[in-house]
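Q: I am attaching a structure below and will ask some questions about it afterwards.
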Amino acid sequence: MRLSGGLAALGLVVCLVFPGAVALGKPLRVVVITDAAGLGDRGFNDVCWRGVEKAREELGLEAQFLQSREQADYVSNLTLAAKRADVIVTLGYLFVDAVQRTAPRFPHIFFVHMEGEISGENVACFDFKSEEGGFLAGLVAGVFTRSRKIGVVTGMDIPPVEAYVSGFRAGVDTAAVRRGEGIEVIVASAGSFNDPVKGKALAQALMGKGVDVIFRAAGNTGVGVMEAVKNSDGVYLIGEDLDQDGELPGKILTSTLKRLDVAVHGALSDIARGSFQPGHRWMGAQSGAVGITEMRYTRGLFRPEDLEFVAMVSTMVARGDLVVPRTMGGLKTFSPPNMP
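Each number in our numbering corresponds to the 1-based position in the sequence shown with 8 added.
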């Protein structure tokens, strides 16, 4: 349900999801606040909402979302949500400052935040080792590329995106060592996570430079990247945050996976059981929280030995035997493993 009037004036889009029967006590009221991309972004926000829906079905909680129009709305949105919620879930690094300022004002409300560290006894926050998923995606792109030119379209230059790009470059470098030939990576930033038109233009510009694989690390801006790849022969895409492979079967080599749904579901379950755990947690390949898809539509495009190589390195990352750089500074000192 979408409401207008006073809420619209605050820059919000509201959707209510009513629960079924509640086994015990009063239903837990959860409000998820998204960025401007909102639900239906086929990425970050949708992954999180899956976790909320699963918790709703299992725990009988009430769930609603508020879609922000712009970053300037975040504090007012949090304040409004606090009037109707037991738990507020926020998504993305850009919310960190707003939550840090707002959470102390509402000590009786639980805050669950995805991506970024926030202090507070009523705040649980989760960070993801995006560099590990980016690394595996870069590995796939690196063993596949024919032109030896790979593109990346990013949204904004924030730490989680830097982690994605640093890991991706390290993966490409590792593939280049195995191939024994150089591979160029060209990065283009849209400066926004919600500008599909610019995303499409940047992707087309990368194609004009001879790129044949593009990694989208751009949120809703990546929808435009996907559109550009869809209409181009010989160019392939790597998706982000959730399994997007089926959106362009055979054109999306793989997608990075970031299991925000697992983190959100776990946090809501803890709260419902009365065992809320404040603090900051890291989630990565070792816990199955990040990775890449099984490439169900594109495995036939790869040589068996390349697929075996990707699987072997994936195991190394999951075991912690290979440490992936999270920053561009770390990338400078990264030495690709020399493997057969």
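No residue lacks a Cβ here, since even glycine has one placed at the ideal position from N, Cα and C.
Just the C-alpha distance for M291 and G100, rounded to the nearest angstrom, thanks.
A: Within the sequence shown, numbered from 1, the residue matching residue 291 stands at position 283. Within the sequence shown, numbered from 1, the residue matching residue 100 stands at position 92. Looking at the two C-alpha atoms, the distance is approximately 15 Å.
Q: Let me know the beta strand (DSSP E) ranges lying completely inside the stretch 242 to 286, each 3 residues or longer, listed in chain order.
A: Correct list: 244 to 247 and 260 to 266.
Q: Can at least three beta-carbon pairs, one atom from the stretch 176 to 183 and one from the stretch 205 to 214, be found at a separation below 8 Å?
A: Flag = no, the stretch 176 to 183 and the stretch 205 to 214 do not touch.
Q: Counting only runs of 4+ residues fully inside the stretch 140 to 219, write out the alpha helix (DSSP H) ranges in chain order.
A: Fully enclosed alpha helix (DSSP H) runs of 4 or longer: 167 to 187 and 204 to 216.
Q: Could you please give the first and the last residue of the uninterrupted beta strand (DSSP E) stretch that includes F134?
A: For the purposes of this step, residue 134 is taken as the residue at position 126 of the sequence shown. Run containing F134: V131 to F136, per the beta strand (DSSP E) assignment.
Q: On a CA-only basis, which of T229, R109 and K217 is nearest G163? Give me that one, please.
A: Taking the first residue of the sequence shown as 1, we reach residue 163 at position 155. Checking every option, the nearest Cα to that of G163 belongs to T229.
Q: Got a sec? Which residues, its chain only, sit under 6 Å from G218 by beta carbon, not counting five neighbours each side?
A: Numbered from 1 along the sequence shown, position 210 holds the residue referred to as residue 218. Excluding sequence neighbours, G218 sits near S155 and K157.
Q: For G226, which residues from the same chain have a beta carbon less than 7 Å from its beta carbon, with the 5 sequence-adjacent residues on both sides left out?
A: Here the question's residue 226 lines up with position 218 in the sequence shown. Per the sequence presented here, residue 226 reads as Ala, with Gly not at that position. Excluding sequence neighbours, A226 sits near V161, T162, G163, A198, F201, G207 and V233.
Q: Name, in chain order, the residues that DSSP records as bridge partners for E78.
A: Translated into the one-based positions of the sequence shown, residue 78 becomes position 70. In DSSP, E78 forms no bridge with anything.
Q: Please classify G337 as buried or exposed, where buried requires at least 16 other C-beta atoms within 10 Å of its C-beta.
A: Here residue 337 refers to the residue found at position 329 of the sequence shown. Looking at its Cβ environment, which holds fewer than 16 other Cβ atoms inside 10 Å, G337 is exposed.
Q: Cβ of L276 within 8 Å of Cβ of V95?
A: Along the sequence shown, one-based indexing puts residue 276 at 268. Along the sequence shown, one-based indexing puts residue 95 at 87. For L276 and V95, yes; Cβs fall inside 8 Å.
Q: Report the partner residues of R304 according to the DSSP bridge assignment.
A: For the purposes of this step, residue 304 is identified with residue 296 of the sequence shown, where counting begins at 1. DSSP lists no partner for R304.
Q: Flag this pair as yes or no: are the beta carbons of R50 and V231 separated by less than 8 Å?
A: Indexing the sequence shown from 1 puts residue 50 at position 42. Indexing the sequence shown from 1 puts residue 231 at position 223. Their beta carbons are under 8 Å apart, which means R50 touches V231 by this criterion.
Q: Exposed or buried, A80, counting other C-beta atoms within 10 Å across all chains shown (16 or more means buried)?
A: Here residue 80 is taken as the residue at index 72 of the sequence shown, counted from 1. Label assigned to A80: exposed.
Q: With which residues is M291 paired in a DSSP beta bridge?
A: As a position in the sequence shown, residue 291 is number 283, starting the count at 1. Paired residues: F136.
Q: Can the beta-carbon of Y82 be found less than 8 Å from the beta-carbon of A63?
A: Translated into the one-based positions of the sequence shown, residue 82 becomes position 74. Translated into the one-based positions of the sequence shown, residue 63 becomes position 55. Result no, Cβ atoms of Y82 and A63 do not sit closer than 8 Å.
Q: Quick check: the stretch 254 to 267 against the stretch 305 to 315, are at least 3 beta-carbon pairs closer than 8 Å?
A: Yes, they touch.
Q: Quick one: what's got a C-beta closer than 7 Å to P115's C-beta in the same chain, skipping five residues either side?
A: Here residue 115 corresponds to residue number 107 of the sequence shown, with the count starting at 1. Around P115: N130.
Q: Tell me the DSSP bridge mates of M122?
A: Here residue 122 is taken as the residue at index 114 of the sequence shown, counted from 1. M122 is bridged to L99 and F134.
Q: Considering only the alpha carbon of each residue, which of P345, I117 and V221 lies closest to A132?
A: As a first step, residue 132 is located in the sequence shown; it is residue number 124 there, counting from the start. Taking only the C-alpha atoms, the option nearest A132 is I117.
Q: Let's test the definition: count the other Cβ atoms within 10 Å of the Cβ of S76 and tell me whether it reaches 16, buried, or not, exposed.
A: The residue labelled residue 76 in the question sits at position 68 within the sequence shown. Buried: at least 16 other Cβ atoms inside 10 Å.
Q: Can you check whether the CB of I126 is closer than 8 Å to the CB of N85?
A: On the sequence shown, residue 85 is found 77 positions in, with the first residue counted as 1. On the sequence shown, residue 126 is found 118 positions in, with the first residue counted as 1. Not a contact, by the Cβ cut-off of 8 Å.
Q: DSSP state of A71, grouped into three classes?
A: Indexing the sequence shown from 1 puts residue 71 at position 63. In this structure, A71 counts as strand in the three-state DSSP scheme.
Q: Would you mind stating whether V332 and E140 have Cβ atoms separated by less than 8 Å?
A: The count along the sequence shown starts at 1 and reaches residue 332 at position 324. The count along the sequence shown starts at 1 and reaches residue 140 at position 132. It is a contact, given that the beta carbons lie within the stated cut-off.
Q: What first and last residue would you give for the alpha helix (DSSP H) that runs through T110?
A: Position 102 of the sequence shown, counting from 1, holds the residue named residue 110. Run containing T110: V104 to T110, per the alpha helix (DSSP H) assignment.
Q: Going by C-alpha distance, which of T341, H121, V148 and G128 is nearest F136?
A: Here the question's residue 136 lines up with position 128 in the sequence shown. The option with the nearest alpha carbon to F136 is H121.
Q: Mind checking which residues open and close the beta strand (DSSP E) that includes R92?
A: For the purposes of this step, residue 92 is identified with residue 84 of the sequence shown, where counting begins at 1. Where R92 is concerned, there is no enclosing beta strand (DSSP E), given that its DSSP letter is neither H nor E.
Q: So what does T42 bridge to, in DSSP terms?
A: For this step, residue 42 is matched to residue 34 along the sequence shown. Answer is Q75, bridged to T42.
Q: Exposed or buried, which one is A171 when buried takes at least 16 other CB atoms within 10 Å?
A: As a working note, residue 171 is residue 163 in the sequence shown. Per the 10 Å Cβ criterion, buried.
Q: Using only the alpha-carbon positions, how far apart do V270 and S322 sit?
A: Position 262 of the sequence shown, counting from 1, holds the residue named residue 270. Position 314 of the sequence shown, counting from 1, holds the residue named residue 322. Taking the straight line from one Cα to the other gives about 20 Å.
Q: Take V281 as the anchor and find which of T301, V318, G190 and L67 has the nearest alpha-carbon.
A: Looking up residue 281 in the sequence shown gives position 273. Contrary to the premise, residue 281 reads as Arg rather than Val in this sequence. Of the candidates T301, V318, G190 and L67, the one whose C-alpha sits nearest the C-alpha of R281 is L67.
Q: Within 10 Å of its beta-carbon, does Q72 have 16 or more other beta-carbons around it, so buried, or fewer, so exposed?
A: For this step, residue 72 is matched to residue 64 along the sequence shown. Label assigned to Q72: buried.
Q: Would you kindly work out how many angstroms separate the C-alpha atoms of V353 and C56, rounded to a whole number?
A: This structure gives no information on residue 353, because the portion of the chain shown stretches from 9 to 348.
Q: For F114, which of helix, strand or coil comes out of DSSP?
A: Sequence index remark: in the sequence shown, residue 114 carries index 106 (1-based). Coil.
Q: With F317 as the anchor, note down where its alpha helix (DSSP H) starts and where it stops.
A: Position 309 of the sequence shown, counting from 1, holds the residue named residue 317. Note, F317: alpha helix (DSSP H), P312 to R327.
Q: Is A236 helix, strand or coil by DSSP?
A: Within the sequence shown, the letter at position 228 stands for residue 236. Reduced to three states, the DSSP call for A236 is helix.
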